[in-house]
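Taken in sequence, the protein lines are chains E and F.
So that you can map any letter, position 80 of the first sequence is 80 in this note's numbering, and since no number is skipped, the others follow by simple counting.
So that you can map any letter, position 78 of the second sequence is 78 in this note's numbering, and since no number is skipped, the others follow by simple counting.
Backbone N, C-alpha and C define an ideal beta-carbon position, used for all residues, glycine too.
Number of protein chains: 2
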Amino acid sequence: MKFLHTMVRVTDLEASLDFYCNKLGLDLVDRRDYDAGRFTLVFLAAPGDHGAQVELTYNWDPQEYTMGRAFGHLAYEVDDVYALCARLMAAGVTINRPPRDGRMAFVRSPDNVSIELLQKGAAQAPAEPWASMQNTGVW
Amino acid sequence: MKFLHTMVRVTDLEASLDFYCNKLGLDLVDRRDYDAGRFTLVFLAAPGDHGAQVELTYNWDPQEYTMGRAFGHLAYEVDDVYALCARLMAAGVTINRPPRDGRMAFVRSPDNVSIELLQKGAAQAPAEPWASMQNTGVW
Chain E
1 MKFLHTMVRV TDLEASLDFY CNKLGLDLVD RRDYDAGRFT LVFLAAPGDH GAQVELTYNW
61 DPQEYTMGRA FGHLAYEVDD VYALCARLMA AGVTINRPPR DGRMAFVRSP DNVSIELLQK
121 GAAQAPAEPW ASMQNTGVW
Chain F
1 MKFLHTMVRV TDLEASLDFY CNKLGLDLVD RRDYDAGRFT LVFLAAPGDH GAQVELTYNW
61 DPQEYTMGRA FGHLAYEVDD VYALCARLMA AGVTINRPPR DGRMAFVRSP DNVSIELLQK
121 GAAQAPAEPW ASMQNTGVW
């Protein structure tokens, strides 16, 4: 038995690909467009770890999706949580929970999927701008 | 960068552990009880694939969680989708989408988390009771 993926629905595929691939840094592993069903599936995964994926489901006809409280977040281990948060912030992504502890941050996808970023190995030493950055919203 | 887990909140930890471990067959990898915060975290993973996990968050003080449409499902590859569905059904789990095609089934956790079960390798030959079993609800 093997975990394959977590599926989330997205309202804007281009914005989602920009976030997950260009900003967060995931690889686009596969994309399948279904003309008859009018939807697209995209499979994303962390570079070098394509076994566990995120499946984006994009329905071509606009739908609205609510984000219930039952689903919490997706979590990724990252090599340098400060560098990734700096890159995300420079790209306009809000760091909802800055890595004040040098270890854990939370951001949100364009569809409000909460994403936890955890420093690989030991926590980094406290550093600005993170140490004094306040939370924004919830995650 | 590496996928760690998908977090979902659960309202009944014992019922969730019974479903995910006893019925679905996941391993309990770690459990952490936080007395001060009054919550428990449980990490589950497929046997032999502990890298990608599901994190259950159980708040000791009752809360209600809605299952928004933005989150779709968790997907697992399984060795024998018929055998697993038979075991789940015998344990009282509704097979929302029976594996009529010998390949894909959907069930739901006690908190309505949708779970996709995909046959490893080639689809199995059509077989009863699955081939003629109707869908139940949505997934």
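*Cβ of Pro-47 of chain F less than 7 angstroms from any chain E Cβ?*
yes
*Which residues, in order along the region 13 to 26 of chain E, keep a beta-carbon less than 9 angstroms from a beta-carbon of chain F?*
Leu-24, Gly-25 and Leu-26
*asked:* Please list, in chain order, the residues of the region 61 to 92 of chain F that have any C-beta partner in chain E closer than 9 angstroms.
replied: Gln-63, Glu-64, Tyr-65, Thr-66, Met-67, Gly-68, Arg-69, Ala-70, Phe-71, Gly-72, His-73, Leu-74, Ala-75, Tyr-76, Glu-77, Val-78, Asp-79 and Leu-84
*For Ala-83 of chain E, which three-state DSSP category applies?*
helix
_Extract the residue ranges of the alpha helix (DSSP H) inside the region 2 to 42 of chain E, only unbroken runs of 4 or more that lie entirely within it._
13 to 17
*If you draw a straight line from the C-alpha of Arg-69 of chain F to the C-alpha of Phe-106 of chain F, how long is it?*
16 angstroms
*In chain F, which residues lie with their C-beta within 7 angstroms of the C-beta of Val-138 of chain E?*
What Val-138 of chain E touches in chain F: nothing, since even the nearest Cβ is about 13 angstroms away.
*Give a yes or no on whether 7 angstroms exceeds the smallest Cβ distance from Ala-52 of chain F to chain E.*
yes
*Does the beta carbon of Val-8 of chain F sit closer than 7 angstroms to a beta carbon anywhere in chain A?*
Judged by its chain identifiers, the structure shown contains no chain A, and its protein chains are E and F.
*Beta-carbon proximity of Met-7 of chain F to Glu-55 of chain F, cut-off 7 angstroms*: yes
*asked:* Quick check on Leu-44 of chain F - is its C-beta less than 7 angstroms from some C-beta in chain E?
replied: no
*Compare the C-beta of Thr-40 of chain E against all C-beta atoms of chain F and say whether one is closer than 7 angstroms.*
no
*C-beta contact flag for Tyr-34 of chain E and Leu-26 of chain E at 7 angstroms*: no
*Could you tell me which residues DSSP puts in a beta bridge with His-73 of chain F?*
E:Met-7
*asked:* Applying the 10 Å Cβ sphere with the 16-neighbour rule, what's the burial state of Asp-79 of chain E?
replied: exposed
*Any idea what DSSP makes of Met-89 of chain F, helix, strand or coil?*
helix
*Starting from the N-terminal side, write out each stretch of the beta strand (DSSP E) that is 3 residues or longer and does not extend beyond the region 89 to 132 of chain E.*
104 to 108 and 114 to 119
*Smallest Cα separation from Tyr-58 of chain E: which of E:His-73, E:Arg-32 and E:Ala-131?*
E:Arg-32
*Grab me the residues of Trp-130 of chain E's own chain with a C-beta within less than 6 angstroms of its C-beta, minus the 5 sequence neighbours each way, in chain order.*
Pro-98, Pro-99 and Arg-100
*Are any of the Cβ atoms in chain F nearer than 7 angstroms to that of Leu-28 of chain E?*
no
*asked:* Assuming Glu-55 of chain E is part of the beta strand (DSSP E), what are its boundary residues?
replied: 49 to 59
*Just checking, does the region 59 to 67 of chain E make contact with the region 115 to 135 of chain E on the three C-beta pairs under 8 angstroms criterion?*
no
*Ignore the nearest five residues each way along the sequence and tell me which others in Phe-3 of chain F's own chain have a CB closer than 6 angstroms to its CB.*
Ala-52
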